[in-house]
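Colleague: Top to bottom, those sequences are chains A and B. Position 2 of the first sequence, counting from 1, maps to 2 under this note's numbering, and the rest follow consecutively. If you count the second sequence from 1, you need to add 1000 to reach this note's numbering.
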Amino acid sequence: DAGITQSPRYKITETGRQVTLMCHQTWSHSYMFWYRQDLGHGLRLIYYSAAADITDKGEVPDGYVVSRSKTENFPLTLESATRSQTSVYFCASSEWTGGGYGYTFGSGTRLTVV
Amino acid sequence: GQQLNQSPQSMFIQEGEDVSMNCTSSSIFNTWLWYKQEPGEGPVLLIALYKAGELTSNGRLTAQFGITRKDSFLNISASIPSDVGIYFCAGHPTPQTGANNLFFGTGTRLTVIP
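(1) So, is residue 1036(B) buried or exposed, given that buried needs 16 or more other C-beta atoms within 10 angstroms?
(2) Examine chain A for any beta-carbon lying closer than 8 Å to the beta-carbon of residue 1042(B), and answer yes or no.
(3) Candidates 1110(B), 1059(B) and 1091(B): which alpha carbon is nearest residue 1024(B)'s?
(4) Hey, how far is the Cα of residue 1018(B) from the Cα of residue 1107(B)?
(5) I'd like to confirm the pairing. Which residues does DSSP put opposite residue 89(A) in its beta bridges?
(6) Using the C-alpha atoms, what's the distance from residue 66(A) back to residue 48(A)?
(7) Count the other CB atoms, across all protein chains shown, that sit within 10 Å of the CB of residue 1069(B); report buried if there are 16 or more and exposed otherwise.
(8) Could you run through the segment 37–56 of chain A and flag, in chain order, every residue whose CB is less than 8 Å away from some CB of chain B?
(9) Give me the subset of the segment 1041–1068 of chain B whose CB atoms are less than 9 Å from a CB atom of chain A, sorted by chain position.
(10) Whole beta strand (DSSP E) runs in the segment 1012–1072 of chain B with 3 or more residues, listed along the chain?
(11) Give me whichever residues DSSP pairs with residue 20(A) in a beta bridge.
(12) Using alpha carbons as the reference points, say which of 1109(B), 1080(B), 1105(B) and 1102(B) lies closest to residue 1015(B).
(13) Buried or exposed for residue 1087(B), going by 16 or more other Cβ atoms inside 10 Å?
(14) Among all the DSSP beta bridges, which residues are the ones paired with residue 96(A)?
(15) Starting from residue 1107(B), find everything on chain A with Cβ-Cβ shorter than 8 Å and list it in chain order.
(16) With DSSP as the reference, label residue 62(A) as helix, strand or coil.
(17) Bridge partners for residue 44(A) per DSSP, in chain order?
(18) Kindly indicate if chain B contains any beta-carbon less than 8 Å away from that of residue 188(A).
(19) For residue 35(A), count neighbouring Cβ atoms within 10 angstroms of its own Cβ and tell me buried if that reaches 16, exposed if not.
(20) Assuming residue 15(A) is part of the beta strand (DSSP E), what are its boundary residues?
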């Protein structure tokens, strides 16, 4: 099915481990984003990408790395996981609709760092 | 980073009642989006507003882009149990120059009592 998919849905990892969250979209949208959602903070932007090989930092980028070698994929890597990175992570893609940008979100990855 | 002030934080209403929630910002926004999030899922777009003063409906949902461009309102008429969820406003200051700066409110948690 067309859409935006994230994997895994749930992940438990240990402090200090590297972990990669995957995001794949089938629309060929130019923009892709990674957000984290925490109680009391809503959704906060980690990184975004305007196109393949173009990425930029969002509001809370520290401890995260992204890449975008192909338009459809936008993986997020935690280089050395910390407990403060326990969160729900959402990937989103966006395209200009004529009136403005439309954003579509994946179902999320719930990450627990122990 | 900038966050939108969304109120109320939570609502408990009887089935059949109407619901109103709003979102305000200290700066001007060119786009207002309203999302609904259900447990274990990502936000789903309900209504998008791109012009000041715009009033848009989607079934029982109606949203308005405030004339000052610093606020937006979402109304739900004749609530039903499946309206339960968290509703987020999101604003976009510059839709033509930056798809990255979508700011989210902290959400309104809606509970509908049958």
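The beta-carbon is built from N, C-alpha and C at its ideal position, and this holds for glycine as well.
Modeller: On the basis of the data shown:
(1) buried
(2) yes
(3) 1091(B)
(4) 18 Å
(5) 36(A) and 109(A)
(6) 8 Å
(7) buried
(8) 40, 41, 42, 43, 44, 45, 48, 50 and 56
(9) 1041, 1042, 1043, 1044, 1045, 1048, 1049, 1050 and 1051
(10) 1019–1024, 1031–1037, 1044–1049, 1055–1058 and 1061–1065
(11) 77(A)
(12) 1080(B)
(13) buried
(14) 101(A)
(15) 42
(16) coil
(17) 36(A)
(18) Only positions 1 to 114 of chain A appear in this structure, which leaves residue 188(A) out of reach.
(19) buried
(20) Segment: none, residue 15(A) is in no beta strand (DSSP E) and carries neither H nor E.
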